[in-house]
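Only one structure is covered here, and it is reproduced in the block below.
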Amino acid sequence: MTTYEERRERQRRFIRRNLPWIAPLGILAAFGFFIGLGVLVAWLWRVTLGDIFGLKPISFWQAWGLILLSQILFKANVQPTMRTGPRGRRMAMCGDAPEAGPAPPASA
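Using this note's numbering, the first residue of the sequence shown is number 6, and each one after it goes up by one.
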């Protein structure tokens with residue numbers, strides 16, 4: 006059996022040995038994703054909104070502007086309403102969470 010340290014060292018050697026081709030491949034993949042997403046949004050705009058409403062086609066950079074604008078409008082300040090993970094589930098099953106504070110006094 007191998008120990009944790011041996012496995013970590015093996016992983017480090019693997020990464021050091023393969024980093025010269027993994028890093029450029031990751032950069033190339035990120036660049037391809039950037040270009041592909043912009044072209045996809047511009048194409049979807051042209052195909053759907055151009056045909057339905059008669060709008061002009063948009064450029065690549067306008068497509069990215071729409072992507073960023075939609076991120077700002079639809080994902081800004083989104084906070085999860087429920088805790089995840091084992092601790093959050095356990096606290097939900099145990100009743101009131103300790104961080105909820107004391108219960109408000111009952112009014113007559």
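Glycine is no exception: its CB is placed at the ideal position from the N, C-alpha and C atoms.
Following the DSSP letters along the chain, one finds Ile72 inside the alpha helix (DSSP H) bounded by residues 65–80. At a Cβ-Cβ threshold of 8 Å, Ile72 and Leu42 count as neighbours.
For Glu11 and Asn23, the gap between their C-alpha atoms comes out near 18 Å. Straight-line measurement puts the Cα of Ser75 at about 10 Å from the Cα of Trp69. In this structure, Leu45 lies away from Leu54, with their beta-carbon atoms at least 8 Å apart. For the options Trp50, Phe79, Phe36, Arg15, the alpha carbon positioned closest to that of Gln67 is the one of Trp50. For Pro25, the enclosing alpha helix (DSSP H) stretches over residues 9–49.
Using a Cβ distance threshold of 8 Å, Ile57 and Ala47 do not count as a contacting pair. Going by C-alpha positions, Ile40 is about 19 Å away from Ala28.
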